[in-house]
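For what it's worth, this note's numbering labels the leading residue of the sequence shown as 68, then goes sequentially. Don't be surprised by glycine CBs; every beta carbon is placed ideally from N, CA and C. To start, the structure itself, in structure tokens.
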Amino acid sequence: MLEVRGLALGYGDQPVLEGVDLRVGEGEFVGLVGPSGSGKSTLLRAIAGLLKPLKGEILRGFGERELGFLFQEDALLPWRTARENAALGLRIRGYGKKEALEEAEFWLVRLGLRGLGDRYPHELSGGQRKRVALAQVLALRPKLLLMDEPFASLDAILRTEVTRDLLRLVEGEGIAVLLVTHDLEEAIALADRIYLLSKGPRARVAKAYRVPFPRPRDPVAVRAEPRFGALLKELWQDLEEVVLCAAP
Ligand SMILES: Nc1ncnc2c1ncn2[C@@H]1O[C@H](COP(=O)(O)OP(=O)(O)O)[C@@H](O)[C@H]1O
Ligand SMILES: [Mg+2]
């Protein structure tokens, strides 16, 4: 689905990432964690084609239209209803209004927002707005979904609920995901594999982890497993090491 080889990225003459190798298999959920400023967002931008590699290559096993992107900030238009917002991507892709709104409603319902389609963003809770944003991107039927700390603004309980529903949908649809998160527990609960980036400048993949829980998976129940705690401890230790052993 996605293969990144020997990738170097930077802004002007300022290096950010160097020698980054990673892959995301078909339908695979991959977590990306690392110190703040290590270049996680930069890497996602490059994968989305918004930033040109200085070195290396990004091999995409999907079409331009099969890539979905979800950012931290709500991208909803305040003057459009939830349904209209959810239909926005489809409208941009040339769907007729009626068809786009019907498809949008279908995804709102799948995200637990039945009956809320006529509300405006300010009439929705933070968790509901996040669900509308998810409906908007899932309605485009992506093969690969890139997410950059999309749930950072939600409290722990809402976050758990939204990510559980997201997981159910991407598992059902076979959508591959690359999720940037600063929440190590979230990464373990959701992902099949996790990459840890080292501290920049010239950050690279410091370590890769396999998450030992099968699919379909209950991301809440796995948190009680001893292997969850063991992997969390390992990740914390490695992250601490990466932060302390910073490149000069
Ligand atoms: N548009 C930009 N122009 C110049 N430097 C940038 C830009 N965006 C990010 N950076 C720098 O690149 C580095 C990596 O940033 P970023 O990818 O946002 O890290 P992360 O998402 O891991 O916190 C940081 O040092 C940051 O200051
Ligand atoms: Mg970032």
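- Under the 10 Å beta carbon count, P217 is surrounded by 16 or more other beta carbons and is classified as buried.
- Counting along the chain, no beta strand (DSSP E) covers I242, and no H or E run does either.
- For A75, the enclosing beta strand (DSSP E) starts and ends at L69 to Y78.
- If you look at L302, you'll find it in the alpha helix (DSSP H) that goes P293 to L311.
- Between A113 and P120, the C-beta gap is smaller than 9 Å, which places the two residues in contact.
- In this model, T248 and P145 are separated by some 26 Å (Cα to Cα).
- Around the C-beta of R150, 16 or more other C-beta atoms lie within 10 Å, and the residue is accordingly described as buried.
- Contact annotation: V100 and L311 have beta-carbon atoms that are not nearer than 9 Å.
- For A200, the enclosing alpha helix (DSSP H) starts and ends at G193 to L205.
- Straight through space, the alpha carbons of Y162 and L306 are spaced by roughly 45 Å.
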